[in-house]
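FYI, in this note's numbering the residues of the sequence shown are 115 to 464.
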Amino acid sequence: MTARPLDREDIAWHNITVLALELNNPSQVGSVSVTIRVLDVNDNAPEFPRFYEAFVCENAKAGQLIQTVSAVDQDDPQEGHHFYYSLAPEAANNPNFTLRDNQDNTAWILTRRSGFRQHEQNIFYLPILITDSGRPMLSSTGTVTIHVCNCDDKGLVMSCNAEAYVLPVSLSRGALIAILACIFVLLVLVLLILSMRRHRKQPYIIDEEENIHENIVRYDDEGGGEEDTEAFDIAALWNPREAQVVLKSRQDMMPEIESLSRYVPQACTMDSSVHSYVLAKLYEADMDLWAPPFDSLQTYMFEGNGSVAESLSSLQSVSTDSEQSYDYLTDWGPRFKKLAEMYGATEALW
């Protein structure tokens with residue numbers, strides 16, 4: 115009787131000692147050694163003893179032997195081992211290789227065609243079914259890996275790498291890796307430069323317009339700001355000499371300027387110069403495409419336009435006070451009688 119299950123593949127022989135003694139005289143004891151052999155049953159399938167990796171030359175012909183395979187089985191049948199080889203069902207119609215059972219527990223792998231090319235397919239997998247002769251019959255599937263290689267005329271393998279067919283003879287794998295690394299670095303640099311250009315801030319406006327004189331005066335109190343009028347020279351607006359210095363000619367030809375007002379006082383020639391200067395500056399600003407967006411607009415009108423008395427400004431005086439005649443004040447009616455007397459009008463019409 116066994117105390118536990120037996121496995122011949124683990125322990126094939128067992129040694130025990132048997133004791134015999136008399137029932138009425140226990141001192142009479144005898145012993146004997148017994149050797150027990152575990153008989154085998156077919157409980158292991160055959161398999162390849164190692165991993166098979168074969169090669170086929172590109173210039174191989176149909177029916178050429180490329181590999182011999184064998185199998186092993188852990189079972190030990192009394193009649194000995196006998197293995198059967200065949201292609202697995204999924205490879206039964208393999209167009210590239212065939213299998214021949216030699217009936218001696220070996221099999222040959224043969225080419226079924228010629229014209230193998232590395233650049234088309236450089237590796238093949240051939241599944242082989244191995245069956246034993248035990249009861250019951252057990253089987254397993256082993257796979258043979260077949261490489262397509264470049265061989266010489268004697269059938270000796272020269273190279274089985276797929277890249278050896280594609281790359282030039284003088285270019286090694288290390289050189290290829292170095293070239294690819296350089297290309298990658300250059301690509302990263304180009305992408306970095308493009309990214310920096312895209313995110314680069316626009317340059318600040320060059321302060322070429324710092325010489326533009328502007329006065330922005332803001333007052334919250336009535337009557338304030340008289341002291342700020344000293345920030346600029348008002349005489350530059352009516353002095354024709356200074357106006358010629360300030361005016362910059364940006365046109366090839368002087369523009370033809372029409373007067374905004376058809377009325378020009380006859381008693382003063384300075385007003386026409388100021389008027390022409392202002393219009394010239396206005397035209398220059400309108401035609402300047404590069405004028406800054408912070409130009410100020412100033413409006414000038416002639417004092418006294420539309421009035422019977424015309425202008426009372428001293429700017430229209432072209433001579434000194436000693437040469438000025440105020441007799442025309444007597445023509446303005448009773449409202450200017452007092453003014454005519456103050457300026458010494460010679461005659462009164464009232």
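Glycine included, every Cβ here is placed at the ideal spot set by N, Cα and C. Predicted model, so just to flag it, every value in this text is computed and none were measured.
Delimiting residues of the alpha helix (DSSP H) encompassing F162: Per DSSP, F162 lies in no alpha helix (DSSP H) segment and is marked neither H nor E.
W446 - DSSP class collapsed to helix/strand/coil: Look at W446 here: in three-state DSSP terms it is helix.
For C274, the first and last residue of its enclosing alpha helix (DSSP H): Note, C274: premise wrong, no alpha helix (DSSP H); not H, not E.
Cβ contact check for the stretch 215-231 and the stretch 181-191: 3 or more pairs under 8 Å: The stretch 215-231 makes contact with the stretch 181-191, as at least three CB pairs between them are under 8 Å.
8 Å Cβ shell around D400 - same chain, five flanking residues per side excluded: Residues of the same chain with a CB within less than 8 Å of the CB of D400, apart from the 5 flanking positions on each side, do not exist.
Exposed unless 16 or more other CB atoms sit within 10 angstroms - verdict on D266: D266 counts as exposed, since fewer than 16 other beta carbons sit within 10 angstroms of its beta carbon.
First through last residue of the alpha helix (DSSP H) which encompasses C146: According to the sequence shown, residue 146 is Val rather than Cys. For V146, no alpha helix (DSSP H) encloses it; the enclosing beta strand (DSSP E) starts and ends at V143 to R151.
Range of the contiguous beta strand (DSSP E) that encloses S254: Unbroken beta strand (DSSP E) run through S254: S253 to C265.
Nearest candidate by alpha-carbon position, reference K268, set E172, L303 and G248: K268 has its Cα closest to that of E172, out of E172, L303 and G248.
Cβ pair V146, V132 closer than 8 Å: Taking 8 Å as the cut-off, the beta carbon of V146 is found closer than this to the beta carbon of V132.
Burial state of D187, where buried means 16 or more other Cβ atoms lie within 10 Å: So D187 ends up on the buried side.
Three-state class that DSSP yields for R214 in the structure shown: The DSSP-derived three-state label of R214 is strand.
Classification of S297 by the beta-carbon crowding that lies within 10 angstroms, buried from 16 upward: It is worth fixing the name first, because residue 297 is Ile in this sequence and not Ser. Classification of I297: exposed, given that the 10 Å Cβ count is below 16.
Where the alpha helix (DSSP H) through L240 begins and ends: Looking at the DSSP string, L240 is not in any alpha helix (DSSP H); the run it does join, the beta strand (DSSP E), is I237 to T245.
Residues that T116 bridges to, as DSSP identifies them: T116 is bridged by DSSP to nothing; it lacks a bridge partner.
C-beta atoms of R118 and D154 nearer than 8 Å: In this structure, D154 does not lie closer than 8 Å to R118 by Cβ.
Per DSSP, the bridge partner or partners of Y198: Under DSSP, the beta-bridge partners assigned to Y198 are T245.
Pair within 8 Å by beta-carbon distance, P209 and R226: With respect to the 8 Å criterion, P209 and R226 are classified as neighbours on the basis of their beta carbons.
Close beta carbons around A168, own chain, < 8 Å, minus the five adjacent residues each side: These residues qualify, in order along the chain: I180, Q181, I223, V258, T259, I260 and H261.
F169 Cβ short of 7 Å to the ligand COA heavy atom set: In the structure on display, the ligand COA does not appear, and there are no ligands present to speak of.
Contact set for Q380: own chain, Cβ-Cβ below 8 Å, skip 5 residues either direction: At Q380 the pLDDT is 45, less than 50, meaning the model places this residue with poor confidence; the figure from the coordinates comes in the next sentence. Counting only Cβ-Cβ distances below 8 Å, and skipping sequence neighbours, we find nothing.
Contacts around A205, its chain only, beta-carbon distance under 7 Å, and the 5 residues preceding and following it disregarded: Contacts found: L240 and P241.
Straight-line gap, A394 to W404 (C-alpha atoms, nearest Å): Between A394 and W404, the C-alpha separation is close to 17 Å.
Best match in I244, T220 and E455 for proximity to V158 [C-alpha to C-alpha]: Note that residue 158 is Asn in the sequence shown, not Val. Ranking the options by Cα distance to N158, first place goes to I244.
Where L270 sits in the DSSP three-state scheme: Secondary structure of L270 (DSSP, three-state): coil.
V155, DSSP secondary structure in three states: Note: V155 maps to coil in three-state DSSP.
Cβ shell of C274 (< 7 Å), same chain only, five flanking positions each side left out: Closer than 7 Å at Cβ, skipping near neighbours: F169, H261 and C263.
Classification of N138 by the beta-carbon crowding that lies within 10 angstroms, buried from 16 upward: So N138 ends up on the exposed side.
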